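Before any comments, here is the structure.
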Amino acid sequence: MAALSKSIPHNCYEIGHTWHPHCGQAFVHITRGALAESLRIYGTLYLIAAVLRKRKLNYYLHKLLPEILQSTSFLTANGSLYIAFFCILRRILGKFYFWTPGFGAALPASYVAILIERKSRRGLLTIYMANLATETLFRMGVARGAITPLRHGEVLLFCITAALFMFFFRCKDGLKGFTFSALKFIVGKEEIPTHSFSPEVAFSKIDRKIKHREEVSRRMSIIALTKKLVDKVCKHGPRHRCCKHYEDNCISYCIKGFIRMFSVGYLIQCCLRIPSAFRHLFTKPSRLLSLFYNKENFQLGAFLGSFVSIYKGTSCFLRWVRNLDDELHALIAGSLAGVSMMFYKSTTISMYLASKLVETMYFKGIEAGKVPYFPHADSIIYAISTAICFQAAVMEVQTLRPSYWKFLLRLTKGRFAVMNRRVLDVFGTEASKNFKNFIPKLDPRYTSVPPELPIELS
Numbered sequence: 001m002a003a004l005s006k007s008i009p010h011n012c013y014e015i016g017h018t019w020h021p022h023c024g025q026a027f028v029h030i031t032r033g034a035l036a037e038s039l040r041i042y043g044t045l046y047l048i049a050a051v052l053r054k055r056k057l058n059y060y061l062h063k064l065l066p067e068i069l070q071s072t073s074f075l076t077a078n079g080s081l082y083i084a085f086f087c088i089l090r091r092i093l094g095k096f097y098f099w100t101p102g103f104g105a106a107l108p109a110s111y112v113a114i115l116i117e118r119k120s121r122r123g124l125l126t127i128y129m130a131n132l133a134t135e136t137l138f139r140m141g142v143a144r145g146a147i148t149p150l151r152h153g154e155v156l157l158f159c160i161t162a163a164l165f166m167f168f169f170r171c172k173d174g175l176k177g178f179t180f181s182a183l184k185f186i187v188g189k190e191e192i193p194t195h196s197f198s199p200e201v202a203f204s205k206i207d208r209k210i211k212h213r214e215e216v217s218r219r220m221s222i223i224a225l226t227k228k229l230v231d232k233v234c235k236h237g238p239r240h241r242c243c244k245h246y247e248d249n250c251i252s253y254c255i256k257g258f259i260r261m262f263s264v265g266y267l268i269q270c271c272l273r274i275p276s277a278f279r280h281l282f283t284k285p286s287r288l289l290s291l292f293y294n295k296e297n298f299q300l301g302a303f304l305g306s307f308v309s310i311y312k313g314t315s316c317f318l319r320w321v322r323n324l325d326d327e328l329h330a331l332i333a334g335s336l337a338g339v340s341m342m343f344y345k346s347t348t349i350s351m352y353l354a355s356k357l358v359e360t361m362y363f364k365g366i367e368a369g370k371v372p373y374f375p376h377a378d379s380i381i382y383a384i385s386t387a388i389c390f391q392a393a394v395m396e397v398q399t400l401r402p403s404y405w406k407f408l409l410r411l412t413k414g415r416f417a418v419m420n421r422r423v424l425d426v427f428g429t430e431a432s433k434n435f436k437n438f439i440p441k442l443d444p445r446y447t448s449v450p451p452e453l454p455i456e457l458s
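The UniProt record's numbering applies: residue 1 is where the sequence shown begins, and numbers increase by one.
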């Protein structure tokens, strides 16, 4: 690995904005492309979010557009300020060092940009970028031989994360907000110790439901009979007195949990594939059928379904064995349920949840007075994380997550790919590894180093 003090004499046109020799014009081009892509991303995102949250008319009239424009300004600034600081650093230092094209230019650009974004969104963006930066650093370490990847490492990380998350979920005031609501949706309210229904109230409600079903069953013969049979099978069977799934025995409780979350996972994956399937609707109509029987649909369904069923099954088993309901059961049940990721291995999911867990524990430490609070910590972490990712995008794109690289290409209208990475190969990171055949056509009037001369570190 090249020393950080080494440098090359090329100017910003020769390395960065190779499509235009003037810095001002390059800045305008990047800003224009980033603005269009940002509007498309956030316009769609905020509109869908508003519909799903059932926002009132007042929100659409007075808040939707300002929120879209603020987030658009943030993302546009992140892209345009990067190229601005790229050129400014070259003019100040007079050379390019190993750290300046990526980390050096992206750090101030990202910090200024995140201050434009709404405070309520900074935490989420910080977690995402910190997760991405950690994954990128890990890949850099693997590429240099400093880190040896652990087999099924993402599954092991998910097991640990799931165990701690489920423990906090079971504890009183352990989790709040979206995280609590999400876990409540996944595993069900029956696993919350402070369940709102007492057994007596729950059974009285069941009795009322049964009476109502008997009245309806006179009108609906076959369907009602089938439903009644299923209810009888589910209700009659082993259920521990500490279990709060009053309408089901322990076996049907686990089976129902699997079926429900398998369906959710299957439908989520189907929805994610809809845009790509409809793009080929007229050219390749047969691809529309693959939307429903794609392998990934069943893998995500199996992952979510087995996670819930293993967690519920283990919790019920421990209640039977220990004859009590304890928050510590969630540690064992959560860690065993984490093995379900074998069906759908995802470093992204594992890293994101681990980052979210660290954030949760940090804020719990602040509440307990055991961890100091750092003002603007989210903005600083976001800036550093984004700078690390930009450093990888410039110097060793092979270590960057492919989806994020595609996002950078969309944001810059493909201009991130036309950097002169062949010149940067002298730093020893194989910058041009994925761009072997690309040589930018530069105007000799604006170059500081003749292209035919060999590149040497100074």
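All residues carry an ideal CB built from backbone N, CA and C; glycine is no exception. Keep in mind it's a predicted model, so treat the numbers as computed, not measured.
Checklist entry - By DSSP, does ASP207 sit in helix, in strand, or in coil? => result Annotation note: pLDDT 47 at ASP207 (below 50); position unreliable, coordinate value reported separately. Helix at ASP207.
Next on the checklist: With DSSP as the reference, identify every bridge partner of ILE8, one or two as the case may be.
Outcome noted: PHE96
Checklist entry - CA-CA distance, THR179 and GLU396? => result 35 Å
Checklist entry - Within the chosen definition, does the segment 89 to 101 reach the segment 341 to 348 through at least 3 CB pairs nearer than 8 Å? => result no
Checklist entry - Between the Cα of ALA393 and the Cα atoms of PRO375, ALA354, ASN434, ALA377, which residue gives the shortest distance? => result ASN434
Checklist entry - alpha helix (DSSP H) containing ILE332: first to last residue? => result 329 to 337
Checklist entry - Is there at least one Cβ from chain D nearer than 8 Å to PHE262's Cβ? => result Looking for chain D here will not work: only one protein chain is present.
Checklist entry - Is ARG40 helix, strand or coil when you go by DSSP? => result helix
Checklist entry - Around the C-beta of SER306, are 16 or more other C-beta atoms found within 10 angstroms, so that it is buried, or is it exposed? => result buried
Item to check | Environment of HIS245 [buried if 16+ CB atoms lie within 10 Å] | outcome: buried
Checklist entry - What are the boundary residues of the alpha helix (DSSP H) that includes CYS389? => result 377 to 395
Checklist entry - Looking at C-alpha atoms only, which residue of ARG118, LEU124, ALA383, PRO375 is the closest neighbour of ALA109? => result ALA383
Next on the checklist: Just verifying my parser: in three-state terms, what is the DSSP assignment at GLU214?
Outcome noted: Caution is warranted here: a pLDDT of 48 is assigned to GLU214, below 50, making its placement in the model unreliable, and the coordinate value is therefore given only provisionally. If DSSP states are grouped into helix, strand and coil, GLU214 belongs with the helices.
Checklist entry - How long is the line joining the alpha carbons of HIS195 and SER80, rounded to whole angstroms? => result Any answer about HIS195 is weak, because its pLDDT of 44 lies below 50 and its placement is not dependable; what the coordinates show is given next. For HIS195 and SER80, the distance between alpha carbons rounds to 51 Å.
Checklist entry - Is the segment 142 to 156 touching the segment 308 to 321 in the sense that three or more CB pairs, one from each, lie closer than 8 Å? => result no
Checklist entry - Any contact of the segment 316 to 336 with the segment 370 to 378, i.e. 3+ C-beta pairs under 8 Å? => result no
Checklist entry - Between LEU65, LEU57, TYR13, CYS389, which lies nearest to TYR42 when the distance is taken from Cα to Cα? => result LEU65
Checklist entry - Looking only at its own chain, which residues have a Cβ that is under 6 Å from the Cβ of GLU37, when we skip the five neighbours before and after it? => result ARG410, LEU411
Next on the checklist: I'd like to know if the segment 112 to 129 and the segment 266 to 274 are in contact, where contact means that at least 3 CB-CB pairs between them fall below 8 Å.
Outcome noted: no
Checklist entry - In whole angstroms, what is the alpha-carbon distance linking ILE206 and GLU247? => result Any reading at ILE206 needs caution, since the residue's pLDDT is 46, under 50, leaving its predicted position unreliable; the model's value is listed next. If you take the alpha carbons of ILE206 and GLU247, they lie about 7 Å apart.
Item to check | Coil, strand or helix - THR447 by DSSP | outcome: coil
Checklist entry - Mapping DSSP to helix, strand and coil, what is GLU67? => result helix
Checklist entry - Going by alpha carbons, who is nearest to LEU93 out of PRO444, GLU190, PRO9, LEU156? => result PRO9
Item to check | Cutoff 6 Å; reference CYS159; Cβ partners in own chain excluding five residues on either side | outcome: SER335, GLY338
Item to check | For SER119, three-class secondary structure by DSSP | outcome: For the record, residue 119 in the displayed sequence is Lys; it is not Ser. Reduced to three states, the DSSP call for LYS119 is helix.
Item to check | Backbone CA spacing between VAL142 and GLU135 [nearest angstrom] | outcome: 11 Å
Next on the checklist: Let's test the definition: count the other Cβ atoms within 10 Å of the Cβ of VAL51 and tell me whether it reaches 16, buried, or not, exposed.
Outcome noted: exposed
Checklist entry - Roughly how many angstroms separate the alpha carbons of GLY365 and GLU359, rounded to a whole number? => result 10 Å
Checklist entry - Terminal residues of the continuous alpha helix (DSSP H) containing PRO402? => result 402 to 411
Checklist entry - Sorted by chain position, which residues of the same chain lie with C-beta nearer than 7 Å to ASP416's C-beta, five sequence neighbours on each side aside? => result Checking the sequence shown, residue 416 turns out to be Phe, not Asp. Closer than 7 Å at Cβ, skipping near neighbours: ALA393, LEU408, LEU409.
Checklist entry - Distance, Cα to Cα, TYR82 vs VAL28? => result 12 Å
Next on the checklist: Excluding the 5 residues flanking PHE390 on each side, which residues of the same chain have their C-beta closer than 6 Å to its C-beta?
Outcome noted: GLY102, ALA106
Next on the checklist: Under 8 Å: do the segment 159 to 176 and the segment 414 to 428 share three or more Cβ pairs, one atom per stretch?
Outcome noted: no
Item to check | Counted within 10 angstroms of its Cβ, other Cβ atoms place ASN11 as buried (16 or more) or exposed | outcome: buried
Item to check | Proximal residues to ILE30 (C-beta, below 7 Å), its chain only, five neighbours per side dropped | outcome: GLY79, SER80, ILE83, THR412, ARG415
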